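If you use UniProt numbering, the sequence shown corresponds to residues 1 to 461, in order. Comments concern the structure below.
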Amino acid sequence: MAPSASKTAAKTKPADLTVPPSPLDAGNRSLKHYQSGLSPFRFRLRNRILPVVRKETQILANIQAKVRTPTLDFYFAWSANLASHTFYVLMLPLANWFGSEKLARDLVFVLGFGIYITGNLKDFLCLPRPRSPPLHRITLSSYTAQEYGFPSSHSANATAVSLIMAVKISELSCSTVAKIMLYAAIAVYYVSLIFGRVYCGMHGFFDVLTGTAVGTVLFLFRHWYGQWWDSVVVLDTAGRWGWFLPPVLVAAYLILVHIHFEPVDNCPCFDDSVAFIGVLIGLDLSHWLAYKTGYFATAGTVGSPLIVPFDFEHLGLVKTILRVAVGMTLVVSWKAVSKPVVFTVLPPIYKAIGVNLPRKNFEATAFSAQTNRQIRKASISNLDAEEAKFIGQAKDAVGVQDDIDYYEMIGSGGSEAPPDRSAGVFKSRYDVEIIGRLIIYAGVATASVWGFAVVNSTLGL
């Protein structure tokens, strides 16, 4: 792999890179790489926006050089996790567990479609992150750094979540001082994530502004039309679909997966989109079943068909904490158990039926020469790469780290050896991972609603 400086944030200084010249034409190779992989329209649009991304680089480097400290490196590297999809998978169920299904649905909607829309835009335009060097990229793992830069998913997530929580706070019947403190906490959360993307060298201003716009639009749609949306996709108040709603709903979400743009490089944006589409499927189907059966409305005191029963006065603090522990255990256990099961069952089915879901950078399982065991191992490894975001210390990297960096460096007139493809986030990738990922993340939502309700009812929590 290309030389890079990778040390803890506290000890790192800008690296003096000495690299061998590239055997490729530094003037044309990057242009041809994207011209051959993109449609004429996508390529022209990319070329119009790319100068904006490049123009920001030195400005961002100057800002980073002036404000960097070891303490801020640590803070912004870790606070970035507050807008990662792994964090949301663990935290989003809390709203549903404590009797606020509307908040849970609001957050899952804006985050799910935020990840999907920003991931689509990233793969549509294939625009790089700000160049390194001169920037240092400060992160906990290489997974996020392997994505395209435009637009910023973190900014979209942070904006939508902050606006939803601000509205929620305004509706609380608490003291003015308490509200001010809650608003301040939201402000710290938002500024930490937005400025942190610039500080860590992960995004430029254009990336952040566009991500903020996406998050704002999603919030406004959910705020104005959320009740209508839920009445159509979950409650079926018009009575048009009946028991046909689940297959129609799943088919609609699968279409979103199918039409997701394909990138030129091996970028994990699509995988994050699939994961959140899976969460949307699981939550919508779980709430549809709750509405149809009336299970929660009968068991609870509120009478809402979607609210998992919860009464703090009846449970008390200890049982409430145990309730959360049980929920977290269910979610984590589902992911741990479902991955090996799903990727043990699906590959032989794909090979037996001849399933072929062609997608760039994904090998057809049905026609692979690899054994089912090898496919299973690779697929589980790729899903595990997402969870590695929380592992390790803040890392400071300078230089080419992946194909996206390499072609951007060539296109900017630099020269450096191409990255070692075997050292990337993903190894061999198979189309079975797409459906497998949908099943696993749909199960996360189902476990956090129905699994949680049934287990806690049994345990008296």
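All residues carry an ideal CB built from backbone N, CA and C; glycine is no exception. Note that the coordinates shown come from a computational prediction; the quantities given were computed from them, not determined experimentally.
Item: Beta-bridge pairing of Y430 - partner residues as DSSP gives them; Value: E363
Item: Spatial distance of F124 from C267 (CA atoms); Value: 11 Å
Item: Segment contact flag, the segment 68-79 with the segment 149-162, C-beta cutoff 8 Å, min 3 pairs; Value: no
Item: C-alpha gap between L90 and V444, whole angstroms; Value: 9 Å
Item: I259 - DSSP class collapsed to helix/strand/coil; Value: coil
Item: Inside the segment 112-184 only - beta strand (DSSP E) runs reaching at least 3 residues; Value: 137-139
Item: Proximity below 9 Å, CB of L256 to CB of Y116; Value: yes
Item: Spatially closest choice to L82 from I186, G99 and R44, by CA coordinates; Value: I186
Item: Option nearest P247 by Cα separation, candidates F41, I59, A213 and D284; Value: D284
Item: For Q35 and V454, the rounded distance between their alpha carbons; Value: 54 Å
Item: Range of the contiguous alpha helix (DSSP H) that encloses Q58; Value: P40 to V67
Item: Residue range of the unbroken alpha helix (DSSP H) whose run includes M328; Value: F312 to I353
Item: Burial state of Y225 (16 or more Cβ within 10 Å); Value: exposed
Item: The segment 100-116 / the segment 153-167 touching (three or more Cβ pairs under 8 Å); Value: yes
Item: Coil, strand or helix - V425 by DSSP; Value: With a pLDDT of only 47 at V425, under 50, the local geometry of the prediction cannot be trusted, and the value read off the model is given with reservation. Three-state DSSP puts V425 in coil, outside helix and strand.
Item: Counted within 10 angstroms of its Cβ, other Cβ atoms place T293 as buried (16 or more) or exposed; Value: exposed
Item: Of the listed residues S231, L235, Y190 and R44, nearest to G215 (C-alpha basis); Value: Y190
Item: Beta-carbon spacing of Y430, S368 below 9 Å; Value: yes
Item: Own chain residues within Cβ distance below 6 Å of Y199, not counting five before or after; Value: F76
Item: Spatial distance of G436 from A156 (CA atoms); Value: 26 Å
Item: R240 versus I321 - alpha carbon distance; Value: 41 Å
Item: Residue environment, W58, which counts as buried when at least 16 other CB atoms sit within 10 Å; Value: Note that residue 58 is Gln in the sequence shown, not Trp. Exposed.
Item: F310 classed as buried or exposed, judged by whether at least 16 other C-beta atoms fall within 10 angstroms; Value: buried
Item: Nearest residue (CA-CA) to W288, options A65, V326 and W243; Value: W243
Item: Same chain only: Cβ atoms within 6 Å of Y441, ignoring 5 sequence neighbours per side; Value: A275, G278 and V279
Item: Rounded separation between P418 and W334 - CA only; Value: Unreliable placement is indicated for P418, whose pLDDT of 49 sits below 50; the coordinate value is still reported in the next sentence. Spanning the two alpha carbons is a distance of roughly 39 Å.
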